[in-house]
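Visitor:
There are 2 protein chains.
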Amino acid sequence: MLGEPIRDRRAERREATKAEILDAAWAIAREEGLAALSLRDVARRVGMQAPSLYGYFDSKMAIYDAMYAQGCEQFVAAERWDQMTGDARHDIGLILRTMVQFCTADAARYQLLFQRTIPGFEPSPESYAISVAELDRLSAHLATCGLTEPGDIDMFTALGTGLTDQQISNDPGGDRWVRLIDDAVEMLVDHVEKKAARSKRPARSNGARNGRKAR
Amino acid sequence: MLGEPIRDRRAERREATKAEILDAAWAIAREEGLAALSLRDVARRVGMQAPSLYGYFDSKMAIYDAMYAQGCEQFVAAERWDQMTGDARHDIGLILRTMVQFCTADAARYQLLFQRTIPGFEPSPESYAISVAELDRLSAHLATCGLTEPGDIDMFTALGTGLTDQQISNDPGGDRWVRLIDDAVEMLVDHVEKKAARSKRPARSNGARNGRKAR
DNA sequence: GTCTATATCCAGATAGAC
DNA sequence: GTCTATCTGGATATAGAC
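First to last, the protein sequences are chains A and B. Sequence positions in the first sequence follow my numbering and run 494 to 708. Sequence positions in the second sequence follow my numbering and run 494 to 708.
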């Protein structure tokens, strides 16, 4: 009788082609803008005619969705939890730097993952789940760094996207905002510590809104 | 002889129609997404056929450009310099709150003014000049609040866009990040003061990276 | 100043031959 | 699995009548 082959060469080939298509899509998004993506351009770049793409993806939005999922997985892969030391300032700096560097490295990817600028696109539940899981992981790690209040996490993400956004919009390719990362970490941690100290002695700090430093 | 009329009713009517067209364009941008703007839709909304728009704007990009200029002017008009008191924390809070509220009030406007997501669009020099002038004014006012270093201003703008971005992307219509504004101001001002104190005594602070609070 | 008609082009998507 | 051919609809923009 015929033995089952170990590898499914058909499926492998198919996955490779899908990856090729997505690579082409990313290249166009980076060069022409995420919203400028067209099936014709993608097809031409991989040496196909546009209708052939439908053998691999159901629609243009399905391509966006696959790109979204891929971007999320790249984000997960970029994390460096193993380099955390237990020192809050070091670890928060590590996480923030990783985030900002990842985002500024590819503005189109940042736009797809973190902004809502493509009319009609929203990630499928499966793709979105990848992103939610990663955010949970991020929150958990930040909590071990002392960012335990929801507001602390939100301030952290605001700093991350703010530095990223300014860097991409106003100094693409440079480091004008990237180089503020260490400063931002110090600022954030100082602030969280100050708030923690204040909440320990709520009576003392009451009404003394300026002039005196906590601790 | 024929006296010159005081008012040019023709020109007035024309400007009014242009304004009507822009209003329609903004409405579509808000409802369907900035990138989803089409001349047909705009025309239909003002009761015209698409070609008639060319009597008022040279191209679709010219409409985007007029929207950009209009948005910049609205930003200028939203400023409340007259409410500044001279107290740094109050004034920085005022400016930051004004910025974030202005931006979150209209996500499409924020996208057009502060992000680069429309393929092929960039503001004309005349429109861009409005924006540059406003940024200069902003920097000058922030300088009177003690944000004198370029990095301080950059940190301020990063905080502003970060809070705005997160608010728009992850809690549209809510206030999850907006309510962090006061906290952010305190955090920023504390940090700037700490840096200023440190730079006054560079020798003492050298190597003492944590543990001791400045001042 | 606005219209109709049209030019030109491009988009996403489908049918069916090979 | 990829192609050609085509459908359908949309886009921006122009020409010219009224």
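For every residue, glycine included, the Cβ atom is placed at its ideal position computed from N, Cα and C. Nothing here was measured: the structure is a model prediction, and the numbers come from that model.
Would you please verify whether the beta carbon of B:R691 is less than 7 Å from any beta carbon of chain A?
Guide: no
Visitor: Given a limit of 9 Å on CB to CB distance, which residues of the segment 598-628 of chain B reach chain A?
Guide: Listed in sequence order: A600, Q604, F607, Q608, R609, T610, I611, P612, G613.
Visitor: From A:K693 to A:T641, what distance separates their C-alpha atoms?
Guide: 15 Å
Visitor: So, at 7 Å on beta carbons, what are the nonlocal neighbours of A:A562 in its own chain, with the 5 sequence-adjacent residues on each side left out?
Guide: S620, I623
Visitor: Have a look at B:S632 and B:I646 and give me their C-alpha separation to the nearest angstrom.
Guide: 7 Å
Visitor: For chain A, find out if any of its Cβ atoms is closer than 7 Å to the Cβ of B:G655; answer yes or no.
Guide: yes
Visitor: What did DSSP end up calling B:T650 once you bin it into helix, strand or coil?
Guide: helix
Visitor: Rank A:M680, A:E686, A:K688, A:V685 by C-alpha distance to the C-alpha of B:V685 and give the top, closest one.
Guide: A:M680
Visitor: Counting only runs that start and end within the segment 536-583 of chain B, where is the alpha helix (DSSP H) found for 4 or more residues in a row?
Guide: 553-571
Visitor: Out of B:L628, B:G639, B:L605, B:T597, point me to the one whose CA is closest to B:G666's CA.
Guide: B:T597
Visitor: Among A:G548, A:G526, A:R523, whose alpha-carbon lies nearest the alpha-carbon of A:A504?
Guide: A:G548
Visitor: Does chain A have any CB closer than 7 Å to the CB of B:L635?
Guide: For B:L635, the closest Cβ of chain A is not nearer than 7 Å.
Visitor: Mind the definition here: the segment 521-540 of chain B touches the segment 581-590 of chain B only if three or more C-beta pairs lie below 8 Å; say whether that holds.
Guide: As far as the Cβ criterion goes, the segment 521-540 of chain B does not touch the segment 581-590 of chain B, which means the pair count is below three.
Visitor: What is the residue span of the alpha helix (DSSP H) that B:D629 lies within?
Guide: 618-637
Visitor: Compare the C-alpha of A:F649 against each of A:A522, A:V593, A:D551 and name the closest.
Guide: A:V593
Visitor: Using a Cβ-Cβ distance cut-off of 7 Å, determine whether B:Q659 contacts chain A.
Guide: yes
Visitor: At 7 Å on the CB atoms, spell out the chain B contacts of A:E525, in chain order.
Guide: P612
Visitor: Is A:A559 close to chain B, meaning its C-beta is less than 7 Å from at least one C-beta of that chain?
Guide: Contact of A:A559 with chain B is not assigned, every C-beta pair being separated by 7 Å or more.
Visitor: Terminal residues of the continuous alpha helix (DSSP H) containing A:F607?
Guide: Under the DSSP assignment, A:F607 falls in the alpha helix (DSSP H) whose first and last residues are 600-607.
Visitor: Taking 8 Å as the limit between beta carbons, can you name the residues of its chain near A:I514, skipping five residues before and five after?
Guide: V535, V539, L546, Y549, F550, I556
Visitor: Could you name the residues of the same chain whose beta carbon sits closer than 6 Å to that of B:R500, not counting the 5 residues immediately before and after it, in chain order?
Guide: none
Visitor: Assign A:A518 to one of two classes, buried (16 or more other C-beta atoms within 10 Å of its C-beta) or exposed (fewer than that).
Guide: buried
Visitor: Which residues, in chain order, does the segment 576-595 of chain A contribute to contact with chain B at a C-beta distance below 9 Å?
Guide: R582
Visitor: Could you give the distance in angstroms between the alpha-carbon of A:H634 and the alpha-carbon of B:E525?
Guide: A:H634 and B:E525: Cα-Cα distance of roughly 37 Å.
Visitor: Please say whether A:G653 and A:L589 have beta carbons closer to each other than 7 Å?
Guide: Here A:L589 is near A:G653, since their CB atoms are less than 7 Å apart.
Visitor: At the level of alpha carbons, what is the spacing between A:R533 and A:S552?
Guide: Near 12 Å, if we compare the C-alpha coordinates of A:S552 and A:R533.
Visitor: Applying a beta-carbon distance threshold of less than 7 Å, which residues of chain A neighbour B:T650?
Guide: Q659
Visitor: Using three-state DSSP, classify B:G700 as helix, strand or coil.
Guide: Here the model assigns B:G700 a pLDDT of 43, short of 50, so the residue's position is not dependable, and the following value carries that caveat. If DSSP states are grouped into helix, strand and coil, B:G700 belongs with coil.
Visitor: Between A:C565 and B:E627, what straight-line distance do the alpha-carbon atoms span, to the nearest angstrom?
Guide: Per the coordinates, the alpha-carbon of A:C565 lies some 37 Å from the alpha-carbon of B:E627.
Visitor: Kindly list, in the order they appear in chain A, the residues whose Cβ is closer than 9 Å to that of B:D683.
Guide: Result: M680, D683, H684, K687, K706.
Visitor: Return the chain-ordered list of same chain residues with a C-beta closer than 8 Å to the C-beta of B:P498, the five sequence neighbours on each side being excluded.
Guide: none
Visitor: Quick check on B:D501: does DSSP put it in helix, strand or coil?
Guide: DSSP places B:D501 in coil when its eight states are reduced to three.
Visitor: What did DSSP end up calling B:A690 once you bin it into helix, strand or coil?
Guide: Helix at B:A690.
Visitor: Does any CB atom of chain A fall closer than 7 Å to the CB of B:R694?
Guide: No - not a single Cβ of chain A is within 7 Å of the one on B:R694.
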